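Notes follow once the structure below has been shown.
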Amino acid sequence: MATDAAAAPVPPAEPAERAAMRRAVELSARGLGSTSPNPVVGCVVLSAEGYPVGEGWHQRAGGPHAEIHALAEAGDDARGGTAVVTLEPCDRTGRTGPCTAALLDAGIARVVYAVPDPSAPGGARRLADAGVDVVQGLLADEAAAGNAAWLTAVRLRRPYVIWKYAATLDGRIAAADGSSRWITSAEARADVHRLRARTDAVLVGSGTARADDPHLAVRDVPGAVQPLRVVADTEATAVRPGARVLDGSAPTLVAVARDADAGELGAAAELLRLPRAQDGLPGLDVAALLAELYARDVRSVLLEGGPGLAGSFVRAGAVDEVIGYIAPLLLGAGPAALGDAGIATIAQALRLKVSETVRVGPDVRVTAVPEESVRAGAVRSGAAGAAATAAPAASTASPAAATGGPSAASAPSAPSATATEES
1 MATDAAAAPV PPAEPAERAA MRRAVELSAR GLGSTSPNPV VGCVVLSAEG
51 YPVGEGWHQR AGGPHAEIHA LAEAGDDARG GTAVVTLEPC DRTGRTGPCT
101 AALLDAGIAR VVYAVPDPSA PGGARRLADA GVDVVQGLLA DEAAAGNAAW
151 LTAVRLRRPY VIWKYAATLD GRIAAADGSS RWITSAEARA DVHRLRARTD
201 AVLVGSGTAR ADDPHLAVRD VPGAVQPLRV VADTEATAVR PGARVLDGSA
251 PTLVAVARDA DAGELGAAAE LLRLPRAQDG LPGLDVAALL AELYARDVRS
301 VLLEGGPGLA GSFVRAGAVD EVIGYIAPLL LGAGPAALGD AGIATIAQAL
351 RLKVSETVRV GPDVRVTAVP EESVRAGAVR SGAAGAAATA APAASTASPA
401 AATGGPSAAS APSAPSATAT EES
């Protein structure tokens, strides 16, 4: 990680500062889902004697930053103390004032922050110039992991994409007859709603919209901010008036091809017209879709579509994290979670690092991220919103049928990833 010239590389940390940073990382997670397009940030203030006297986190976009909450709780005990923050304090005036000024006014003598702010650097320099002892890098990896969506979005100028799927132990998202409710447990389905509540948008394709009529809103998560519901419906044929995603309980966007005949859909939903995928691929251009979502302040996307949509995002190099809910079931036949992603050999495989495994009821939730050596910095042109046909994983169906091309119009819709959780 680059070191700000105004901040010293982190020396061996005092136990109190290390403990405070761990607490600050925990606090920052409370803002997931409510601070976008801003980052999540946590702060702990230590007194001059090294005792915690105040803490806070950034709770909502436009609201006070973490440092302000922590300083307010600390009061006069902050004077001569240390502010431990997960992100470099800001030095700009927007909807709120600069945190650097608040720290200086409170008499903070030392600031320890984990990660520099790539969007607006300068806070560390401002503090150092004012005589504050500034240190960067304490528990940087932990803090960066907690802010992965925002940091990735700032760096790549596109939303952070989490592909979520649910499958059996042998990798099937449905049985051979298309049945899939329920592969995973009630506990896993509830966990998906908590995951939705932490992201800015939930995305499915036309196959899922047509087969499942999903709702896609967050349920049973107190205080949740509803994510934007996005349907990639290339031909404007999957989302019909009366669809559950049009019920008004959460904002909804339907992405269609520029030349699609939207008909009456235009009066029922907000439409986003996009170019079709390049290189003869079906569906919409993934890069264009993500660019439009980023322009709408979407910094994280939960991809819940079926195998066709997932394959198009993997092909485009636009998957930053994979979360799989694995149920202890065996089916032996039926569609796999991932469709054609343009991977023909083992050497071309997208290699992942498992970052977490957690028991969720009888199921297991596995979280993995692409290895740094294979992660793409920019999204390649690819297809979004093309439905796969209901072919077994070992099928040798033609590319058009496998990705929802022209021959897919008369084929049965694929069982979708959303059919294995609470839609």
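Each residue of the sequence shown is one higher than the one before, counting from 1 in our numbering.
For glycine and all other residues, C-beta sits at the position ideal for the given N, C-alpha and C.
Quick caveat: nothing in here was measured; it's all calculated off a predicted structure.
Counting C-beta pairs closer than 8 Å gives three or more between the region 135 to 147 and the region 21 to 29, which meets the contact rule. Every alpha helix (DSSP H) of 4 residues or more that sits fully in the region 161 to 233 is shown, in chain order, as 186 to 197 and 206 to 212. Just so you know, the alpha carbons of proline 214 and valine 40 end up roughly 29 Å apart.
In the DSSP assignment, valine 256 falls within the unbroken beta strand (DSSP E) covering 252 to 257. Bridge pairing for cysteine 43: Gly56 and Val85 [DSSP]. Counting along the chain, isoleucine 68 sits inside the alpha helix (DSSP H) bounded by residues 66 to 74. Taking the CA atoms as reference points, leucine 253 sits about 49 Å from tyrosine 51. Contact between alanine 175 and leucine 203 does not hold, since their C-beta atoms are separated by about 25 Å, which reaches or exceeds 8 Å. Using a Cβ distance threshold of 8 Å, valine 369 and leucine 350 do not count as a contacting pair. At the C-beta level, proline 251 and leucine 228 come within 8 Å of one another. Burial state of leucine 331 is buried, judged by a 10 Å Cβ sphere holding 16 or more other Cβ atoms.
Judged by beta-carbon spacing, alanine 78 lies within the 8 Å limit of glycine 54, meaning their Cβ atoms are closer than that value. Burial is judged here by how many other beta carbons sit within 10 angstroms of a residue's own beta carbon; valine 358 has fewer than 16 and is exposed.
Under DSSP, no beta-bridge partner is assigned to aspartate 261. According to the DSSP secondary-structure assignment, arginine 157 is paired through a beta bridge with no residue. If you check the CB distance, alanine 70 and glycine 171 do not come in under 8 Å. Bounds of the alpha helix (DSSP H) holding tyrosine 294 are 286 to 295. Between threonine 184 and tyrosine 325, the C-beta gap is smaller than 8 Å, which places the two residues in contact. For proline 116 and alanine 318, the gap between their C-alpha atoms comes out near 24 Å. Closest option to glycine 248, judged by alpha-carbon separation, among Pro118, Gly94 and Glu270: Glu270. Assigned with DSSP and collapsed to three states, glutamate 142 falls in helix. For serine 312, the enclosing alpha helix (DSSP H) stretches over residues 307 to 315. The three-state reading of DSSP puts glutamine 136 in strand, counting E and B together. Bounds of any beta strand (DSSP E) do not take in threonine 345, whose DSSP letter is neither H nor E. Bounds of any beta strand (DSSP E) do not take in proline 121, whose DSSP letter is neither H nor E. The three-state secondary structure of valine 319, taken from DSSP, is coil. Taking all protein chains in view, the Cβ of threonine 100 is crowded by 16 or more other Cβ atoms within 10 Å, so the residue is classified as buried.
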